[in-house]
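**Q** Numbering of the sequence shown is given in the working numbering, commencing with residue 877 and proceeding in unit increments.
What follows is a single structure, and I will ask about it in a moment.
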Amino acid sequence: MERGTRYSAQLLMPLLPYLCSLLLVFAASASADMVTVSGTVYCDQCLEGHRTMYALPLNGARVLMECKDRTGRVTLSKTARTSMVGIYSIRFQSKPLSDMGTCSVKLAGTSPRSSCAAPGVMNRPLSLSIKLFGMAAYNADGLFFKPSKPMSFCPKAKKTSAPSPKLSLPPLPFAKLSACTAQDWMNPKYRCYWRTWSPKTPIGLWYGPAANKRYGSSMTLEQGLRGSGEINRVLLRESIAATLNAFNSLPFYYNAVQVNYYFNQALAGSSKDVQKWALNFKRANSGYNGKARCLMTPCK
877 MERGTRYSAQ LLMPLLPYLC SLLLVFAASA SADMVTVSGT VYCDQCLEGH RTMYALPLNG
937 ARVLMECKDR TGRVTLSKTA RTSMVGIYSI RFQSKPLSDM GTCSVKLAGT SPRSSCAAPG
997 VMNRPLSLSI KLFGMAAYNA DGLFFKPSKP MSFCPKAKKT SAPSPKLSLP PLPFAKLSAC
1057 TAQDWMNPKY RCYWRTWSPK TPIGLWYGPA ANKRYGSSMT LEQGLRGSGE INRVLLRESI
1117 AATLNAFNSL PFYYNAVQVN YYFNQALAGS SKDVQKWALN FKRANSGYNG KARCLMTPCK
């Protein structure tokens, strides 16, 4: 028995360096998390202090994320700017963060919009969305700049004796579930539902630098909606349609922040990730085989 044990140990001796290397790699991967922090910056046009249908996403706003220890010393600091749809996303790799509850995001610098430059809600704590397989996602409630007084179309705006100019506003978001396909969003008769974003908007302003690198900086949202054939083009097409659905239907299956996050995760992942999210967004845009329909009506 003792002889057999010594023989087994002799066989394992040459393998010890490889086993130690594997253990070190495992320990290194287990000691770091890929962390994503995301949220949205708005112009609080009606001075409500929270997100409403009148809140306008701000492009180019600077956001600062800070983590502090118990003494108030800053231990981690990251910055980002918002995209065309007001979304910021901060990604970094770190050791397991048991104290992310001490982290917060705040507006840094001035507003990118001179007509909406007064400080509103400037600071938000982080909340954990998901933590799985070495990845953690946190989000924060909306940050706000605000104008000096409510806009004229706001419910609480004071009426003046002078007649107010006629405003051509986009239709209000649907309170019911509405799911419209990329083909629907290409139809000119539904153009008023595009709100503040034009079909000619470059996709990089919407999805960030990863989209520019994959599809080219000259690609527009309208061109992206026409994508077909190659799976990366299908992912872009269905992501754009899903984002438009999210902004026009409050109960849509994904909100705009989630669409942006999963789109960029798919671009950074494998071809299977691209196929998975292209199919997920396509199913959602089709209302999961007719369970939801498109509620858009022709613009007047």
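Virtual Cβ for every residue (Gly too), placed ideally from N, Cα, C.
Just so it is clear, the structure is predicted and the values come from calculations on it, not from any experiment.
1. Who pairs with Gln969 in a beta bridge, going by DSSP?
2. Based on Cα-Cα distance, which residue from Lys1007, Thr978, Trp1153 lies nearest to Leu1111?
3. Would you call the CB atoms of Phe1021 and Ala993 closer than 8 Å?
4. Please list the segments of the alpha helix (DSSP H) lying wholly inside the region 1103-1134, counting only runs of 4 or more residues, in order along the chain.
5. Leaving out five residues before and five after Gly996 in sequence, what residues of the same chain have Cβ atoms less than 6 Å from its Cβ?
6. Quick check: the Cα distance between Asn1124 and Arg949, rounded to an integer number of angstroms?
7. Output the boundary residues of the beta strand (DSSP E) element that contains Phe1021.
8. Using a 10 Å radius around the Cβ and a threshold of 16 neighbouring Cβ atoms, would you call Ala903 buried or exposed?
9. Measuring only the C-alpha atoms, how far is Tyr1176 from Ile963?
10. How is the beta strand (DSSP E) around Arg1000 delimited, first residue to last?
11. Measuring CA to CA, which of Pro933, Leu940, Asp909 is closest to Val1133?
12. Would you identify the three-state DSSP class for Ser1037, choosing helix, strand or coil?
13. Using three-state DSSP, classify Pro933 as helix, strand or coil.
14. Give me, in chain order, the residues of the same chain whose beta-carbon lies closer than 6 Å to that of Ala1086; leave out the 5 immediate sequence neighbours on both sides.
15. CA-CA distance, Arg1102 and Met1062?
16. Applying the 10 Å Cβ sphere with the 16-neighbour rule, what's the burial state of Tyr918?
17. Between which two residues does the alpha helix (DSSP H) containing Tyr1091 stretch?
18. Tell me which residues share the same chain as Ser965 and place their Cβ nearer than 6 Å to its Cβ, disregarding the 5 neighbours each side in the sequence.
19. Leaving aside the five residues before and after Asp1060 along the sequence, list all residues of the same chain whose C-beta is less than 6 Å from its C-beta, in chain order.
20. If Asn1165 sits next to Glu1114, beta carbons under 8 Å apart, how far is it from one beta carbon to the other, in whole angstroms?
21. Any idea if Ile1116 is buried or exposed, counting beta-carbon neighbours within 10 angstroms, 16 or more meaning buried?
**A** If we stick to the structure as given:
1. Met910
2. Trp1153
3. Between Phe1021 and Ala993, the gap from beta carbon to beta carbon is short of 8 Å.
4. The region 1103-1134 contains, as complete alpha helix (DSSP H) runs of 4+ residues, the segments 1107-1124 (chain order).
5. Asp920, Phe1020, Phe1021, Lys1022
6. C-alpha separation (whole angstroms): 42 Å.
7. 1019-1022 is the extent of the beta strand (DSSP E) around Phe1021.
8. The pLDDT assigned to Ala903 is 43, lower than 50, so where the model puts this residue is not dependable; a value taken from the coordinates is nonetheless given after this. Ala903 should be labelled exposed.
9. Correcting the residue type first, residue 1176 is Lys in the shown sequence and not Tyr. The straight-line gap from Cα to Cα measures roughly 30 Å.
10. 999-1001
11. Pro933
12. With a pLDDT of only 45 at Ser1037, under the threshold of 50, the placement of this residue in the model should not be trusted; the figure read from the coordinates follows. Residue state, collapsed to three classes: coil.
13. strand
14. Asn1140, Leu1143
15. 8 Å
16. buried
17. 1085-1091
18. Ser914
19. Cys1170
20. Between Glu1114 and Asn1165 the Cβ distance is about 15 Å, and since that is not below 8 Å, they are no contact.
21. buried
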